[in-house]
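Novice:
In this note's numbering, the protein residues as written are 214 to 643.
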């Protein structure tokens, strides 16, 4: 079913890769409810909605697309959701209606060749820049999560307290994982996380104060009538909100898929085989998830950790989906483990170093090709947004081509994408 031999992998590798991806992204089942609670959404509602949307999206990716790319509610969009609810003084069910409408539009677009054309329209140098930019983004995320890099009043960011327990544990975990990799130990990233978790438990940082197992709450619908959702959007004039959710989700997921797929060697030339089903996964998950009470889903950059462990097929994401199902019964355990960033941060930092290697594919001798790719690489970690990083690259690319007399290299589709990105950056909240 998953064509393991054709993809040069086996069951053991895929399952270990699934565990690795799951451990690096499971924090979302705790973080997402914590963020959305600021909009008045009950914790248990978001907890179950997060798991439901992650399972649906990731299962779709596994079964219909056969890719090792996991789906779950995206960080950033949940914070934007809170902003919409609080600034416009909306009931959260109305804001979820906007998410649902964006998801339906997203779904309809995914049924057309449009999103596949977006992937094919992205120039090779920008594709390489996306992979490298995501690498820097997740490595920076790993350093930031553990307090090794912190905010700084004079320089925006600076070195944190390396004597803190979290920083020391992260550095020890990083060293253990690097040694395992250097010794070519199979599943080194996963083993490194387990080893770091054991050290955290021995030193008293990892505690299971609320036990390990707990029956999950029953999922509840935030709204049940899709027609009313469209009515709410029109009644409250939430068109800009829907457009923001739509554009950011489309380009965020597309960028992540390209970056992870290139790392896994799944790209065929400039195209992604079976892209329609892969891109359908987050559209379906967004639509269903909004009805249960969570924000738009996205392809997760943490999937690159599973790819680095050897994951190449949907068996990796099937494993992730099953683990998300199981996590519903182990909320205390998940909460305790995901609360220790040092357990998963070393994997993100190391995978980042692997992905930055894509810079060698960029034509650095041609300015109108190199500089847009450079902007993508620079903007992703600095803005903490894949979509904004893409926007910088896509806007600058056609501008440079026009002024260097190479406008014939552009196609109308690339120009339309650049205009949409300009609207996103200049006029829509993000």
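By construction, the Cβ of each residue, glycine as well, lies at the ideal position given by its N, Cα and C atoms.
1. Quick check for students: name the residue ranges of the alpha helix (DSSP H) that lie wholly in the segment 471–558, counting only runs of 4 or more.
2. Any idea if residue 367 is buried or exposed, counting beta-carbon neighbours within 10 angstroms, 16 or more meaning buried?
3. Curious, which full-length alpha helix (DSSP H) runs of at least 4 residues does the segment 363–414 contain?
4. Take every Cβ of the segment 240–247, pair it with every Cβ of the segment 285–296, and state whether three or more of those distances are shorter than 8 Å.
5. Secondary structure at residue 285, three-state DSSP: helix, strand or coil?
6. Should residue 509 be labelled buried (16 or more other beta-carbon atoms within 10 Å of its own) or exposed?
7. Short check: CB of residue 425 to CB of residue 543, under 9 Å?
8. Assuming the contact rule is C-beta atoms closer than 8 Å, residue 307 and residue 443 should be a hit. Round their C-beta distance to whole Å, please.
9. My output table needs one value for residue 468: the three-state DSSP class, helix, strand or coil.
10. Taking the straight line between their C-alpha atoms, what separation do you get for residue 344 and residue 385?
11. Alpha carbons only, please: which of 276, 285 and 300 is nearest the one belonging to residue 451?
12. Find out if the Cβ-Cβ distance for the pair residue 590, residue 346 is shorter than 9 Å.
13. What is the DSSP secondary structure of residue 623, reduced to helix, strand or coil?
14. At a cut of 8 Å, does the segment 490–509 reach the segment 455–466 through at least three beta carbon pairs?
15. Does DSSP put residue 358 in a helix, in a strand, or in coil?
16. Rounded to whole angstroms, what's the CA-CA distance from residue 322 to residue 360? Just pull it up for me.
17. By Cβ distance, which residues of its chain are closer than 6 Å to residue 548, with the 5 residues on each side in sequence left out?
18. Taking the beta carbon of residue 606 as the centre, do at least 16 other beta carbons fall within 10 Å, making it buried, or is it exposed?
19. How big is the Cα-Cα spacing for residue 392 and residue 561?
20. Please state whether DSSP places residue 424 in a helix, a strand or coil.
21. Ends of the alpha helix (DSSP H) at residue 578?
22. Near residue 525, what residues of its chain come up, given a Cβ to Cβ distance below 7 Å and the 5 sequence neighbours on each side ignored?
23. Taking residue 564 and residue 604 to be in contact with their CB atoms under 8 Å, please state how far apart those CB atoms are, rounded to whole angstroms.
24. How long is the line joining the alpha carbons of residue 481 and residue 580, rounded to whole angstroms?
25. Tell me the DSSP secondary structure of residue 221 in three-state form.
26. Can you find the residues in the same chain that come closer than 6 Å, C-beta to C-beta, to residue 447, ignoring five residues on each side of it along the sequence?
27. Residues in the same chain with beta-carbon distance under 6 Å from residue 474, minus the five sequence neighbours each way, listed in chain order, please.
28. Can you check whether the CB of residue 399 is closer than 9 Å to the CB of residue 519?
29. Nearest CA to the CA of residue 521: which residue from 507, 551, 265 and 568?
30. Mind checking whether residue 552 and residue 249 have CB atoms under 9 Å apart?
31. Helix, strand or coil for residue 449? Go by DSSP, reduced to three states.
32. If you follow the alpha helix (DSSP H) that residue 311 is in, where does it begin and where does it stop?
33. Just tell me which of 274, 365, 240 and 259 has its CA closest to the CA of residue 470.
34. If you draw a straight line from the C-alpha of residue 402 to the C-alpha of residue 555, how long is it?
35. Roughly how far, in whole angstroms, is the beta-carbon of residue 319 from the beta-carbon of residue 462, given that I think they are within contact range, below 8 Å?
Specialist: A quick look at the data gives this:
1. Within the segment 471–558, complete alpha helix (DSSP H) segments of at least 4 residues are found at 488–505, 516–521, 527–540 and 544–551, given in chain order.
2. For the purposes of this step, residue 367 is taken as the residue at position 154 of the chain shown. By the neighbour-count criterion, in which a residue is buried when 16 or more other Cβ atoms sit within 10 angstroms of its Cβ, residue 367 is exposed.
3. As far as the segment 363–414 is concerned, its whole alpha helix (DSSP H) runs of at least 4 residues are 378–395.
4. Touching, per the Cβ criterion.
5. In the chain shown, the residue the question calls residue 285 occupies position 72. In the structure shown, residue 285 sits in a strand (DSSP, three-state: E or B).
6. Within the chain shown, numbered from 1, the residue matching residue 509 stands at position 296. Counting the other CB atoms within 10 Å of its CB gives residue 509 a total of 16 or more, which places it among the buried residues.
7. Counted from its first residue, the chain shown places residue 425 at position 212. Counted from its first residue, the chain shown places residue 543 at position 330. Note that the C-beta distance between residue 425 and residue 543 is below 9 Å.
8. Translated into positions along the chain shown, residue 307 becomes position 94. Translated into positions along the chain shown, residue 443 becomes position 230. Taking a contact as a CB-CB distance under 8 Å, the pair residue 307 and residue 443 does not count as one, their CB atoms being some 12 Å apart.
9. Here residue 468 corresponds to residue number 255 of the chain shown, with the count starting at 1. Look at residue 468 here: in three-state DSSP terms it is helix.
10. As a working note, residue 344 is residue 131 in the chain shown. As a working note, residue 385 is residue 172 in the chain shown. Each residue's CA atom was taken as its position, placing residue 344 and residue 385 some 27 Å apart.
11. Here residue 451 is taken as the residue at index 238 of the chain shown, counted from 1. Out of 276, 285 and 300, 300 has the C-alpha closest to the C-alpha of residue 451.
12. Within the chain shown, numbered from 1, the residue matching residue 590 stands at position 377. Within the chain shown, numbered from 1, the residue matching residue 346 stands at position 133. Yes. Within cutoff.
13. As a first step, residue 623 must be located in the chain shown, where it is residue number 410. Residue 623 falls in the coil class under three-state DSSP.
14. Under the Cβ criterion (8 Å, minimum of three pairs), the segment 490–509 counts as touching the segment 455–466.
15. Taking the chain shown and counting its residues from 1, one reaches residue 358 at position 145. Three-state result, residue 358: helix.
16. For the purposes of this step, residue 322 is taken as the residue at position 109 of the chain shown. For the purposes of this step, residue 360 is taken as the residue at position 147 of the chain shown. Rounded to whole angstroms, residue 322 to residue 360 spans 40 Å at the Cα level.
17. Mapped onto the chain shown, residue 548 falls at position 335. Excluding residues within five positions, the ones whose Cβ falls inside 6 Å are 243.
18. Numbered from 1 along the chain shown, position 393 holds the residue referred to as residue 606. The residue is buried, with at least 16 neighbouring Cβ atoms inside 10 Å.
19. Taking the first residue of the chain shown as position 1, residue 392 is located at position 179. Taking the first residue of the chain shown as position 1, residue 561 is located at position 348. Answer to the nearest angstrom: the Cα atoms are 16 Å apart.
20. Within the chain shown, the letter at position 211 stands for residue 424. In the three-state scheme derived from DSSP, where H, G and I count as helix and E and B as strand, residue 424 is classed as coil.
21. Numbered from 1 along the chain shown, position 365 holds the residue referred to as residue 578. In this chain, residue 578 is not harboured by any alpha helix (DSSP H), its DSSP state being neither H nor E.
22. As a position in the chain shown, residue 525 is number 312, starting the count at 1. These residues qualify, in order along the chain: 220, 221, 222, 281 and 477.
23. On the chain shown, position 351 is the one that residue 564 refers to. On the chain shown, position 391 is the one that residue 604 refers to. Not confirmed; about 24 Å, so no contact.
24. For the purposes of this step, residue 481 is identified with residue 268 of the chain shown, where counting begins at 1. For the purposes of this step, residue 580 is identified with residue 367 of the chain shown, where counting begins at 1. Taking the straight line from one Cα to the other gives about 26 Å.
25. Position 8 of the chain shown, counting from 1, holds the residue named residue 221. Of the three classes helix, strand and coil, the one that applies to residue 221 here is coil, per DSSP.
26. Within the chain shown, residue 447 is the residue found at index 234, counting from 1. Here the set comprises nothing.
27. Working through the chain shown from its first residue, we reach residue 474 at position 261. Excluding residues within five positions, the ones whose Cβ falls inside 6 Å are 480 and 485.
28. Position 306 of the chain shown, counted from the start, is the residue given in the question as residue 519. Position 186 of the chain shown, counted from the start, is the residue given in the question as residue 399. No, Cβ-Cβ distance for residue 519 and residue 399 is not below 9 Å.
29. Against the chain shown, residue 521 aligns to sequence position 308. When each option's Cα is compared against that of residue 521, the closest is 568.
30. Translated into positions along the chain shown, residue 552 becomes position 339. Translated into positions along the chain shown, residue 249 becomes position 36. No, the pair does not count as a contact, with Cβ atoms beyond the cut-off.
31. Here residue 449 is taken as the residue at index 236 of the chain shown, counted from 1. Three-state DSSP puts residue 449 in a helix.
32. Here residue 311 refers to the residue found at position 98 when the chain shown is read from its first residue. Taken as a continuous stretch (DSSP letters only), the alpha helix (DSSP H) holding residue 311 covers 305–323.
33. Within the chain shown, residue 470 is the residue found at index 257, counting from 1. The shortest Cα separation from residue 470 among 274, 365, 240 and 259 belongs to 274.
34. As a first step, residue 402 must be located in the chain shown, where it is residue number 189. As a first step, residue 555 must be located in the chain shown, where it is residue number 342. Here the alpha carbon of residue 402 sits roughly 13 Å from the alpha carbon of residue 555.
35. Stepping through the chain shown from its first residue, residue 319 is reached at position 106. Stepping through the chain shown from its first residue, residue 462 is reached at position 249. In this structure residue 319 is in contact with residue 462, their Cβ atoms being roughly 6 Å apart against a cut-off of 8 Å.
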